[in-house]
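Remarks on the structure that follows.
Residue numbers (the numbering used here), protein chains in the order written: chain A, 1 to 163; chain B, 1001 to 1574.
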């Protein structure tokens, strides 16, 4: 099963490599990874999506917690949560296609953020499967380039991940 | 307040941390630190002949004393040579602090002379690591390093120190912190009382229980508590390779070591048990054999300080995260108060069954009739000559298993071996680390002619510091354990496991290093010559014993089977 693990990490040199290293060292899988400093400059927030059965996910969270630089951790998929990913996609847009792509972008609530006579650059946010559906809708042959940020997320309601 | 350079602060901080011994080897990037060592007499430095030996010696020191081992190496090759020893300590959860020199901060990343990314290379095999950015941070970093290395599940910590940070020309105010607090690191203290109660209930109603205790009991200094618990309950005890000495081996409640080369009775008892109390163990693959067939009828109670060790390979029915000491104390208290009593009748029947397995006498040694020495007999001779009181270090291979099986450890911290990583070359440096910790004790290294050649240069270190280690080499003229597997699984094709014609004359070799060599080739002279070797109290003696090269270690688990599936000899299996 797919899990989204968010963690607060000491904003120290090498801290990220300890997290990433743990995954390769123990043969765990990273589907996506996002990281940036938080409002507290001494902390980074890191979100990893990974796939594994309950036993594997338990080991992953235990080993992450053991890393000295990991301050706090939550498996967002354990409760109700919001997940988002941002995608920038460059598509071929010529002739009749231009209107069609514009329409599809509107349906997915995306924005065209750059235009040339032959190319649209589209920005889209949402859960990962929504981004996948958009790419399906546009069709492989039109897509020139895709840049995705990977998933970040936050739990719903009063629950917070902070110190 | 005193003004000190970075190098001086480092050594002063070690002293303030209570460090007495430092194992190391100098080099360019560490020279400021070495100069600081020269100008003081509080921390003694032991000069090894290879950095790997520095880490193993510090490791042996740590295992025997319970105090952290400390290592100092230079950058580049100094640091990479230390890696094997760091990994060895990591796998066996040994507290160790390794200080490595690094090139100047301004040169990092430029492929400078003797530059290597030590923090990066060591990352998967350390509990934590630090790269010192400012000299002022040194006292706090040293404090944190020792705190992390010695608390919770212990492990090695690396401090990488760029040379400019230790510059003798730049002085700073020095103050060693008394305490340390880290928001991201907390040590699990007491176990969950509800869980402990549940475990005690299950334990007391057990009909076929086994106490399975490992290295965590030794690391946690909980051997006495374990012994109390076992005696109070009257249950059988088995120890892992890392746990030998946690429960006194001569005790009738002791079943011997379990696992791949464990005794028949220990493995059978595990397999047919209804309750397994695992304390300070990690259900290693060398214990469990096939996990899917492991102890099919047993409830698993698992006590460990590391939550990640619990339910990693074998799912625990009652997981308890906490220090073994606190959990055992609480268990003892609960058992005293409990209304449930041990099911005496069932336990008696269980012991009868165990005695039946024990009667097989799976470790019986039959003397060859042609005066050839069996390797097991060498360990028995060492046990006799040392009256069971020695610190025994070992390397890795057949001799290690024979030592584990035939030297009956009755105290913790006496058996020093690389269990997790299985590092050949570990034993001899570890043995002189032990000797430095306990100058008057007998420190013996049981080794083979393969392993000993991996760190044999340390004969010079022992001469320099007058360390009277006894080296007993079970010389079978081949890599015995490799050869055994080749016998059993590869049709006797000895691919690169033999080298009889090119072995050195070990007696001459150690004499060249200024030590004493004794050769033993006949069973009839084994005991007497062994006595002679140990009688030379102030000399390092290398005892080169020719043993039967065809001997195998038994029992041996049958791969893919359960714990009850064992070869008992070349011709017999369960």
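Glycine is no exception: its CB is placed at the ideal position from the N, C-alpha and C atoms. Source: prediction; values computed, not measured.
Residue i classed as buried or exposed, judged by whether at least 16 other C-beta atoms fall within 10 angstroms
i, result
"residue 1210 (chain B)", "buried"
"residue 1312 (chain B)", "buried"
"residue 1428 (chain B)", "buried"
"residue 1284 (chain B)", "buried"
"residue 1377 (chain B)", "buried"
"residue 1038 (chain B)", "exposed"
"residue 1265 (chain B)", "buried"
"residue 1235 (chain B)", "buried"
"residue 1068 (chain B)", "buried"
"residue 1002 (chain B)", "exposed"
"residue 1494 (chain B)", "exposed"
"residue 1364 (chain B)", "exposed"
"residue 1449 (chain B)", "buried"
"residue 1470 (chain B)", "buried"
"residue 162 (chain A)", "exposed"
"residue 1413 (chain B)", "buried"
"residue 1224 (chain B)", "exposed"
"residue 1304 (chain B)", "buried"
"residue 1288 (chain B)", "buried"
"residue 37 (chain A)", "exposed"
"residue 29 (chain A)", "exposed"
"residue 1113 (chain B)", "exposed"
"residue 950 (chain B)", "The requested residue 950 (chain B) is not part of the displayed model; chain B covers only 1001 to 1574."
"residue 1499 (chain B)", "exposed"
"residue 1349 (chain B)", "exposed"
"residue 1271 (chain B)", "buried"
"residue 1374 (chain B)", "buried"
Chain B contact residues for residue i, given Cβ-Cβ distances below 8 Å
i, result
"residue 18 (chain A)", "1123"
"residue 123 (chain A)", "Those do not exist, as residue 123 (chain A) stays about 35 Å from chain B at its closest Cβ, beyond 8 Å."
"residue 163 (chain A)", "1183"
"residue 10 (chain A)", "1184"
7 Å Cβ cutoff met for residue i and residue j
i, j, result
"residue 1576 (chain B)", "residue 1051 (chain B)", "Beyond the ends of chain B as shown, which are 1001 and 1574, falls residue 1576 (chain B); an answer cannot be given."
"residue 1131 (chain B)", "residue 1079 (chain B)", "no"
"residue 1357 (chain B)", "residue 1268 (chain B)", "yes"
"residue 1433 (chain B)", "residue 1057 (chain B)", "yes"
"residue 81 (chain A)", "residue 2 (chain A)", "no"
"residue 1369 (chain B)", "residue 1524 (chain B)", "no"
"residue 120 (chain A)", "residue 138 (chain A)", "no"
"residue 1071 (chain B)", "residue 1023 (chain B)", "yes"
"residue 1322 (chain B)", "residue 1190 (chain B)", "yes"
"residue 1151 (chain B)", "residue 1187 (chain B)", "yes"
"residue 1139 (chain B)", "residue 1176 (chain B)", "yes"
"residue 1215 (chain B)", "residue 1242 (chain B)", "yes"
"residue 122 (chain A)", "residue 89 (chain A)", "yes"
"residue 1246 (chain B)", "residue 1226 (chain B)", "yes"
"residue 70 (chain A)", "residue 9 (chain A)", "yes"
"residue 33 (chain A)", "residue 48 (chain A)", "yes"
"residue 1301 (chain B)", "residue 1277 (chain B)", "yes"
"residue 1366 (chain B)", "residue 1474 (chain B)", "no"
"residue 1093 (chain B)", "residue 1153 (chain B)", "yes"
"residue 94 (chain A)", "residue 118 (chain A)", "yes"
Under 9 Å from the C-beta of residue i: neighbouring residues of chain A
i, result
"residue 1148 (chain B)", "68"
"residue 1188 (chain B)", "What residue 1188 (chain B) touches in chain A: nothing, since even the nearest Cβ is about 11 Å away."
Listed by chain order, chain B residues near residue i by CB distance under 7 Å
i, result
"residue 71 (chain A)", "1183, 1184"
"residue 39 (chain A)", "Those do not exist, as residue 39 (chain A) stays about 16 Å from chain B at its closest Cβ, beyond 7 Å."
"residue 63 (chain A)", "1308"
Under 7 Å by beta carbon: chain A residues contacting residue i
i, result
"residue 1312 (chain B)", "59"
Chain B contact residues for residue i, given Cβ-Cβ distances below 9 Å
i, result
"residue 21 (chain A)", "1120, 1123, 1124"
"residue 25 (chain A)", "1123, 1124"
"residue 52 (chain A)", "Per Cβ cutoff of 9 Å: no residues; residue 52 (chain A) is ~14 Å from chain B at best."
Residue i CB to nearest heavy atom of the ligand ADP below 6 Å
i, result
"residue 1257 (chain B)", "In terms of ligand content, the structure shown is empty, and the ligand ADP therefore cannot be addressed."
Ranges of the beta strand (DSSP E) found wholly within the segment 1003-1041 of chain B, counting only runs of at least 3 | Listed in chain order, they are 1021-1024.
Any chance you could list the beta strand (DSSP E) runs of at least 3 consecutive residues sitting entirely within the segment 1082-1123 of chain B, in chain order?
-> Along the segment 1082-1123 of chain B, the beta strand (DSSP E) occurs as fully enclosed runs of 3 or more residues at 1096-1102, listed in sequence order.
Could you please tell me which residues of the segment 1101-1131 of chain B, in chain order, have their CB closer than 8 Å to any CB of chain A?
-> Here the close residues are 1119, 1120, 1123, 1124, 1127, 1128, 1129, 1131.
Considering only residues of the segment 29-102 of chain A, which uninterrupted beta strand (DSSP E) runs meet the minimum length of 3 residues and lie entirely inside it, listed in chain order?
-> Listed in chain order, the complete beta strand (DSSP E) runs (minimum 3 residues) inside the segment 29-102 of chain A are 32-37, 43-51, 70-75, 81-92.
Quick one: which residues of the segment 1293-1307 of chain B get their C-beta closer than 9 Å to a C-beta of chain A? List them in chain order.
-> The segment 1293-1307 of chain B vs chain A, Cβ under 9 Å: 1306, 1307.
Could you name the residues of the segment 74-103 of chain A whose beta carbon sits closer than 7 Å to any beta carbon of chain B, in the order they occur along the chain?
-> Those would be none; no residue qualifies.
Can you check the segment 1272-1337 of chain B for any alpha helix (DSSP H) of at least 4 residues that lies completely inside it and give the ranges in chain order?
-> Listed in chain order, the complete alpha helix (DSSP H) runs (minimum 4 residues) inside the segment 1272-1337 of chain B are 1285-1288, 1324-1337.
Can you give, in chain order, each stretch of the alpha helix (DSSP H) that sits fully within the segment 1458-1501 of chain B and has at least 4 residues?
-> Qualifying alpha helix (DSSP H) stretches, in chain order: 1459-1464, 1480-1489.
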